[in-house]
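Worksheet for the structure shown next.
In the working numbering, the protein residues as written are 27 to 223.
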């Protein structure tokens, strides 16, 4: 009698080799699958945790750890007075009421890139803000404020993002692109900072 899957003309040692190939292929596939899963998990585990007091924003696939500006003082001061901005640092502003906004480089010592976004993270206005001449001796606060260049949102917004100058050009960010952040978490931060809002 001839066994199923058995070729009478094939020597017995070749039958043994043929039967061993299929389990090896299954084993190799299982090993590759397992390694792929472990590699994916490993990459996720290696992502830098969000530092205390920072807010995660992803822009063009790059992670930024921004300081949230949610109090009136933080919103007014922004990054003024900073001598440097970390490459993946900066600030995210959350205003309680959506309205047209204008930012200025008040007392700012380094160039800053600015993006206004809607609540979903869609970029609606981009600016590269340059350093203004310092306050002149005897210059009044009003005269200083009046001479500062305005950078408008053009539309009503709640959210603005400031990062180191040159970042938008490096990333190729354009109006209409989306940046990723947890809008509910940002709103909750603002609510906890000022419960009256």
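Glycine included, C-beta positions come from ideal geometry on N, C-alpha and C.
Pick from the options that is closest to residue i, judged by C-alpha positions
i           : options            : result
residue 196 : 209, 154, 169      : 154
residue 130 : 201, 114, 217, 179 : 179
residue 177 : 95, 158, 107, 96   : 158
residue 199 : 97, 112, 210, 147  : 147
residue 105 : 135, 87, 85        : 135
residue 215 : 101, 94, 151       : 94
residue 87  : 164, 118, 207, 181 : 207
residue 114 : 174, 188, 164      : 188
residue 133 : 79, 126, 151, 109  : 109
residue 126 : 183, 210, 211, 161 : 183
residue 220 : 156, 128, 85, 101  : 101
Residue burial classification, residue i (beta-carbon count within 10 angstroms, cutoff 16)
i           : result
residue 168 : exposed
residue 186 : buried
residue 172 : exposed
residue 89  : exposed
residue 116 : buried
Beta-carbon proximity check, residue i vs residue j, cutoff 8 Å
i           : j           : result
residue 192 : residue 144 : no
residue 91  : residue 213 : no
residue 205 : residue 83  : yes
Alpha helix (DSSP H) runs wholly inside the region 127-211, at least 4 long, in chain order = 167-173, 193-197
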